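Here is the structure we will look at.
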Amino acid sequence: MSKASQRVGQAFLLLILALTFSVLWIKPLSSKCLKIDNIAEIDSIETFQQFVKGNGSMIKADFYGQQNKSLVNASTDHFFIDSNRRFDRFTNITQIKTYGYNTTNIKLKTENIVLQNFSKKVEDNSSDGYINFFENSNDKNLTIYASFTLPMSCHLNTIKILIYVNGSFTLRWAILNSTWNPSSNISYPDEIIKSGEIPFETTSPLDKFFLPVNTNITLFTNNTNNNTFFLQLNVEAGPPAQKAYDFWWYYVTDVTDGENEEDVWISKQNISNIDMIMNLDLQPLDSSLSPSEINLQVNGTQVPNNGTIELEGVPNSESIALNITSLWNITFDLNYFMEHNKNSQCSTRFLTNADTSTSIWNVSPTETFPSTFTNCSVKFKVPKDWNISRYWNITNIEETPIATTNWKQITLHTYDKWRIEFTAPNYVKKFGVPSPVIIGEENLFSILLIPDAHDWNGTLILLVYNSSDNALYYNTSQPTNNRSSLGIRWTPNQSFTNGTYIVAVLFLAEFEAGYLYIDNVLFVYSTSLETHYIASYYCLGENATIKVKYVDKVHNIGVEDATVWTTWDNQVIYFKDEGKGIYAANLTTNEYSPGNYSLTIYAKKFGYEDAILNFNITFVHPTEINTPNRTIIGNYKTPITIIIYYTDINGILLENATVIGYIGASKYIFKYNGTAYINVTTFHELGTYNMTIQCSKDSYEPKEINITIHVTPKKTILNVLCPKEIEAGQQITLSINYTDQSGTPITHFNGTIYLNDTILTTFSNSSTIHLNITQYVGNYFISITVNCPNYETQTWKETITIYGKMKISYQPQIFEQYENETITIHFNITDVFRKAPLENCSITLTINNHKWLITWNSQNPSFTLNLTGIESGSHSINVVIEAPYYLPQTLEIPLHILPKTRVILTVNVPQEVIANNIILISGTLTTESGEPIVMATIKIIIQITYENGTEKRFEYETVTNMKGEFSLSIPTSNEMSKVHVAVVYEGAVDKASTTSTHNITVKPTLPPKTPFPQWLITTLLTIPIIFIGVSGYISKRKQKTKTEEEKLLREYELILELDSLESLLVVDKKSGLCIFEYNFKKTPTDPNIISGFVQAIRGFYSQIGGTGEGEVGEIYYEVPEPKVLTFHSGKYVYPILIAPGKLLPEVKECLRNFLDRFEEEFKENLKTNSFEISIFDKAKNLVKECFPQHIFTKYKATKIPATIRGIKKKILRAAKKLAEEQGQFTMAQLLT
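Here's what the structure looks like:
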């Protein structure tokens, strides 16, 4: 302590002991002060701050603050009841300010109590149901009794009931007292006190309205049971014309509010658990009653009649709630005053002087006094050895010892924030600090305390300051149960740097405290001295290099610029600093003998812990090791000799040395033979072995050498016999001869046969191999690899050709065809074994002198041969099929060629024609025997040459009728000069083709000598051609044959048939909708019904065994009148021609020609299958172009020229007569 008294200043220890919050009091401190601002936590020792935290016990001080005989918050409050409450009592809460004190003593005075009128509600208008006074249509009404309770005797002015009514009625009411029924434990109505009636009439229903019943009656609760009365209601309906069956009284079930306000009786029957909805207007009999008469209570305590009530020790927090209740709604004046009490705690803080044996304690309150307080008394206790030295803001203070304890009581009186200063002993007597304190290692600090005066268990806290008096560390407090031997163990961490510090100790034992410190305490880093490089031995004659590392263990780094030394050969040897904490020295080995020597090394540096290292070093004679071969090659199961020379530095062989070779864990012992160390080893496994050979002898340098040993297999020979060409599927045999170099067969071996890089098979211990190759065709490398453990692996290789087998089929098996036609052959060519088609096969087909060369593949398996030029009769098709790496295959296919039937084509055309007239082309197609060829396609090619020299070509097709006949009409014009006609029959499978050509001259039309109308010119030019035979006037053309007459008759029939056509429909194939309609006559038709009907017939085809949709040819109706529907099927549509009879072939040809023109004209629209039907209206022009013009032409007749004679004149007369009768006419009307 004497040393401490020489240092500057005092050490102040600030300890805050508070349960709720602390107040810091700090005195200016010298450079040797301890500062603590809060001791609630001591674990945060890593942070460097001006104030550090410690721990201790709180002073247990009771604080009593009270204000006596002063009116606090005095006021007169007017309280009133909420008129919406339905209970007979009320609750009113008054909030009184408490200033945060714990309890309050309150004195209340109630005055001027006045009872108020109020409305008692038996439920509100939120109903659960109703009771109807009229329970049936016989006007039988009910009487309902509903009870209600009153808090005391009073005036009942009005009762309001919640009802619904529709009609006129008379409501009779009565007020009754109640009687108790002990057996049923309920009240029931007794005597009538007052009654009355209310007439009522409604013109429209009234729903849920309160009807007032003016009772004006005084009710006394002492004349009835349990303050209960009944309201009786009965309703009488009005005149019969105004019967009212709807008079309802609403109710609420009791379970909704948990209270049973009423007993309800209906026709002497009790109904429980419902409350009839009513409101009662009540008036007290006396407005001034005593508290006992109205049962006035505060917080459950009855208020005396004098109106004064005292409540002591009322617990409170922020405010006090007063619960005031009464039997009746009242108003009153309330006066009160109170005393506040509070148990609190004091803030206790102290400073201790390190140079003396005393400490100073300061006690002050944690409370802020309300400004309204003028006098408070405070009591608390402190230890007996505390003495009062000074105090502030205290009017009076007393000290009273507490018997049989170490305490005394302090009582003071104050009006503001106060403080008392006490003096007490310093309990730390002696403090021992290690020198130096090692950072990173545990250090022991010893403490001696003065004897325990109060038998309190305290705690010790270690504190460390830097030179600026900043507290850097305090340790976790530890108990001081045994004061005779105390110590603190502490390991400084790397947050401390080496240097000098101030170390202090703090003792706390509730109200005991002590503090001592020691300055200039040296802190050093913990270190270690380690070997960095020491050889396992050193050879004599060479310097021994020693390297050590001086390590800072706190930061795990090397210590540089240190002094490191040792004593060797009676001299101090200093180590050289190589950086990063590594130090090296060379020690001489001269004059030393082999053996072990001890060595001690020292390291030192300021701020670091001194370090010492002890170890041994070994000295030996130097040696050499050698071998003739570092790499040795030997054969399997052949002895291998290894030679090693182990000598001294002069090359003299060392005897009796230990020489051992190691291959893995296996040892090989070498023996000395006088000239070297020898080991002979036989290896039974192939491979490369690395052997480490170690040589050693006492007092000599051990040596080792590595050699490599290659153990190789024995040499072998492999011969194989194998055919070079094989056929797939044919078994072949391979002969294998596998021997060593001496020719001795090797019987145990494994082999693999490869085709190119694919393994065909494997075998073992067999010299004959049988193979059946089916999946390979072509040239391949066949190789055989044979191996045997520990013998050389051999591979044989050769080229072989594998020919595959073809499987051929064709369709049909026998061919029969007419001459000059074609036949189609379908081939199927596959590999027999691989089942795959053979692509790009070459096929040669020969029939007599005719030859075809074709290439077959699976994508084009069929070929067509043209038989033109081959005579009819029986033939053979010789077939040769070839493919790469397949054997050629030959076939012979029978062929029978039938002769075709010869035909005769007869064509009738005029040699010349006058322009604007029609060219009629007709003819027949028959066999040589005259048999007609029916339904044959005739192609008519028209080449027209015009006056200007241009030409146009047209092609038409028609079919022959059942007589083999055909015809075509071609219109002409003045621009034409010549028409070339070619009629072609292209033949059929069984019929020969033929062609007939004709030239027609077109002459211009000559103007008449007398004016004629245009229609008459046309008629005179066309009628003789068409109808001359029909009229019987054939005398002028006797040269006409019978055939020409028949033609004219047919033309007659054709004109009549064309005139009979009714309608033309075009139907879309996919949708079945009619997309075009043309009416030749005004016959009413529904095109959609017709198209739907036909579409259904097409679909029905599959139901009778057909495939797909059938194409209809004709539909024929016989009765009541003939109707025929004729069809032609196109790619997208099919037209329907409706007529009264079957059509001639010429008309069908017109229909087919129209179909072709229609699909060509509207092809793009029909492809998309998405179109507007109106676009097909343009097809009307196609109808006029494809059907003869005389169907559409209307004629008229005027004056007959005088030059006209004979049949022409008769025809014109008939035409003129027809025109006079009906106006314009058609050609068919003229003929009929």
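So the mapping is simple: our numbering equals the position in the sequence shown, first residue as 1, plus 564.
Built from N, CA and C at the ideal position, the CB exists for glycine as well.
In this text the structure is predicted, and so the values were computed from the model without any measurement.
query                                                                                                             : result
Cross-strand partners of V1630 (DSSP beta bridge)                                                                 : F1640, P1699
When I1502, L679, H719, P1015 are compared against E1710, the one with the closest alpha-carbon                   : I1502
Where E1265 falls: helix, strand or coil (DSSP)                                                                   : coil
Distance CB(F1640)-CB(F1740) smaller than 7 Å                                                                     : yes
Limits of the beta strand (DSSP E) - the one that K948 falls within                                               : That residue, K948, is in no beta strand (DSSP E); it is neither H nor E in DSSP.
Beta-bridge partners of H977, as assigned by DSSP                                                                 : S941, N960
Residues that DSSP places opposite Q847 in a beta bridge                                                          : H719
C-alpha gap between R1614 and E1529, whole angstroms                                                              : 11 Å
Reduced DSSP category for T1276 - H, G, I as helix; E, B as strand; rest coil                                     : strand
Close-in-space but distant-in-sequence residues of the same chain around L1319 (CB under 7 Å, 5 per side omitted) : Y1340, Y1344, I1346
Three-pair Cβ contact test at 8 Å for the segment 1332-1339 versus the segment 1296-1314                          : yes
Residues that Y1081 bridges to, as DSSP identifies them                                                           : A1068
Reduced DSSP category for V1396 - H, G, I as helix; E, B as strand; rest coil                                     : coil
Buried versus exposed call for G620 [16 or more other C-beta atoms within 10 Å across all chains shown]           : With a pLDDT of 28 at G620, under the threshold of 50, the modelled position of that residue is not reliable, and the figure given next carries that caveat. Looking at its Cβ environment, which holds 16 or more other Cβ atoms inside 10 Å, G620 is buried.
L588 in three-state terms, based on DSSP                                                                          : For L588, the pLDDT reaches just 23, beneath the cut-off of 50, and the residue's location in the model is therefore unreliable, although a value from the coordinates is still provided. Correct three-state label for L588: coil.
Identity of the residues DSSP links to A1546 by a beta bridge                                                     : I1505, T1561
Separation of T668 from L860, as counted between CA atoms                                                         : 22 Å
Status (buried if at least 16 other CB within 10 Å, exposed otherwise) for N1237                                  : exposed
Proximity of Y1549 and S1557 at Cβ, strictly below 7 Å                                                            : yes
Residue closest to A988, alpha-carbon to alpha-carbon, out of F995, Y1079, T1514, N786                            : Y1079
Of the listed residues F1060, E1005, K1634, K671, nearest to L1036 (C-alpha basis)                                : F1060
Beta-carbon spacing of V1123, F1139 below 7 Å                                                                     : no
Same chain only: Cβ atoms within 7 Å of V1469, ignoring 5 sequence neighbours per side                            : Checking the displayed sequence, the identity of residue 1469 turns out to be Leu instead of Val. Once the five neighbours on either side are set aside, the close Cβ partners of L1469 are G1487, L1489, V1547, Y1549, T1558, S1560.
Alpha-carbon to alpha-carbon, Y1302 and T1280                                                                     : 7 Å
Alpha carbon of G871 to alpha carbon of L672, nearest angstrom                                                    : 8 Å
Which of helix, strand or coil DSSP assigns to A1778                                                              : helix
Contact the segment 1371-1387 vs the segment 1347-1355: 3+ CB pairs below 8 Å                                     : no
Extent of the continuous alpha helix (DSSP H) run through C1750                                                   : 1743-1750
Beta-carbon proximity of T722 to N778, cut-off 7 Å                                                                : yes
Burial state of E1785, where buried means 16 or more other Cβ atoms lie within 10 Å                               : exposed
Whole-angstrom C-beta distance between I1564 and E1476, which should lie under 8 Å                                : 6 Å
Selection from T1357, K1361, L1218 that minimises the alpha carbon distance to I1348                              : K1361
For L1618, the three-state DSSP class (helix, strand or coil)                                                     : helix
Given 8 Å, three or more beta-carbon pairs between the segment 1055-1070 and the segment 998-1015                 : yes
Cα-Cα separation, S1162 to P1266                                                                                  : 21 Å
Buried or exposed by the 16-neighbour rule on C-beta atoms within 10 Å, applied to Q866                           : exposed
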